[in-house]
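The structure appears below as structure tokens.
In this note's numbering, the protein residues as written are 2 to 482.
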């Protein structure tokens, strides 16, 4: 659950008033002075989000520009504008440098929708000569418009804020490049040293993609400004965004041509162990271990995504022939899930029992289809049996589950079932512990007098010919006619 956050204003109308002072009239300096005084008062009593800090810095420069004499020196004014723009860009970009490898400021600014020329102006003001006063004035105007659309309006009325969709660059080309490099080094071991820098560069690119995905998650949840607030640096929230990014990465890995070879001929499984194809392990182990070293929950996320894929309901239009022809894809995924669990357990630094969690998830989902005659979810069933093999506690639980599944009653009632129900009813009625039910309970409720002989004894099958038809539990038949 997201914790409540502290805001400087007492009510949203107070923030709306400050916004009107700033933006109602572009040349209204008195209104901007009122906004500067109000935001300064807020800063004296509480921490301000970066948006308001940047707004205050830019407004101070604008007020100074309009009140100082024309004959005064422009150097101090150019420095004020430059400092405000630099703080705006740095404060937006720095908190989003989330990965192990740094990203360019321009790429992060592009994801945020910040004009690229503001990033260039920030670079010039920091490392080169100060920009001209006219250029700085235009930068201040553009920055205030950006703050209006990306902070003030969404904060005042979140329901009317436009949905921010930050497209992610496709990951497939990067994964294909990685696979191509690893294939060359696998076929010729002498090339490993030569291609080592290129392989490391691709791994860094994958990590940068994860960082981009986390920024996209920030934008999608409108949490751009919350990441810079000291009261909102919540590890749970950051973990949620990282998990979202890792799930998108795992989905790309699970596509055909990723962890599972595109050609069915290459899905040759070892007969002596429940592991993926040896060549696939050789290709992907380096990247998987690298990601696990940077993200401690990566293997758990990958195992979860594989299990969800195996348990997904197939399209009813999909023919049985197509399912049988591509059954090796799901079986390969099941073997990768087993490999991930084994790799997780090889690291003693985790307190989380991934094997147990995956097993429980599979048992809960497959409990009603564990009988041998059920061919659907076959790969998931094989994975469950492999996870339980060799562990007495899990193996015994699986045995009980199979017995219960095999004893599951049929979905259609037959006359022999009615006879069994009649026998149970007679045994129940003959018991001294059961109260007399010769009189219907409805008689005491409706005060109607009906002979006891009218009470229907035993069970009988109802079908459409008798006027019966199925309807949801708790719904009167008359309400659906």
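Ideal placement from N, C-alpha and C gives every residue a C-beta, glycine not left out. Note that this is a predicted model, so its numbers are computed, not measured.
Closest Cα partner of residue i within the set the options
i           : options            : result
residue 58  : 195, 41, 296       : 41
residue 174 : 253, 126, 216, 135 : 253
residue 203 : 334, 291, 461, 309 : 291
residue 399 : 360, 430, 424      : 360
residue 20  : 158, 6, 313        : 158
residue 154 : 18, 462, 328, 430  : 18
residue 270 : 107, 287, 301, 328 : 328
residue 131 : 76, 111, 149, 113  : 76
residue 50  : 461, 425, 354, 10  : 10
residue 255 : 176, 198, 197      : 176
residue 52  : 313, 427, 16       : 16
residue 352 : 7, 395, 297        : 297
residue 415 : 302, 464, 201, 392 : 464
residue 304 : 107, 196, 74, 344  : 344
residue 354 : 395, 366, 367      : 395
residue 286 : 358, 200, 244      : 200
residue 367 : 386, 349, 350      : 386
residue 13  : 417, 156, 425, 301 : 156
residue 28  : 142, 129, 195      : 142
Cβ-based neighbour list, residue i, same chain, cut-off 8 Å, excluding 5 preceding and 5 following
i           : result
residue 284 : 180, 183, 184, 187
residue 311 : 331, 334, 335, 338, 378, 380, 381, 384
residue 54  : 44, 88, 92
residue 69  : 78
residue 169 : 210, 213, 214, 217, 249
Short Cβ contact (8 Å threshold) for residue i with residue j
i           : j           : result
residue 332 : residue 299 : no
residue 45  : residue 86  : no
residue 289 : residue 342 : no
residue 133 : residue 89  : no
residue 308 : residue 363 : yes
residue 275 : residue 267 : no
residue 1   : residue 213 : The structure shown has nothing for residue 1, since the chain only spans 2 to 482.
residue 340 : residue 393 : no
residue 149 : residue 24  : yes
residue 6   : residue 47  : no
Cβ-based neighbour list, residue i, same chain, cut-off 7 Å, excluding 5 preceding and 5 following
i           : result
residue 356 : 342, 346, 388
residue 1   : Nothing in the structure corresponds to residue 1, since the chain is present only between 2 and 482.
residue 447 : In this prediction, residue 447 has a pLDDT of 43, which is less than 50 and means its spatial position is unreliable; nothing more can be read from the coordinates.
residue 468 : none
residue 127 : 87
residue 39  : 19
residue 455 : Residue confidence is low: residue 455 scores 47 on pLDDT, short of 50, so the model does not pin down where it sits. Its coordinate-derived value is still stated next. Same-chain partners within the cutoff: there are none.
residue 259 : 176, 253
Whole-Å CB distance - residue i paired with residue j, under 8 Å assumed
i           : j           : result
residue 122 : residue 147 : About 13 Å; that fails the 8 Å criterion.
residue 462 : residue 419 : 6 Å
residue 117 : residue 107 : 6 Å
Cβ-based neighbour list, residue i, same chain, cut-off 6 Å, excluding 5 preceding and 5 following
i           : result
residue 178 : 203
residue 172 : 210, 253
residue 466 : none
residue 449 : Caution is warranted here: a pLDDT of 39 is assigned to residue 449, below 50, making its placement in the model unreliable, and the coordinate value is therefore given only provisionally. Hits under 6 Å: none found.
residue 282 : none
residue 301 : 355
residue 417 : none
Minimum Cβ-Cβ distance from residue i to chain C less than 8 Å
i           : result
residue 131 : Here there is only one protein chain, and chain C is not present.
TODO: Report yes or no: do three or more beta-carbon pairs, one from the region 206-217 and one from the region 257-268, lie closer than 8 Å?
DONE: no
Open item on the list: Check whether the region 42-61 and the region 78-90 touch, using three or more Cβ-Cβ pairs below 8 Å as the test.
Closed with: yes
Open item on the list: Check whether the region 28-41 and the region 63-71 are in contact - that is, three or more C-beta pairs closer than 8 Å.
Closed with: yes
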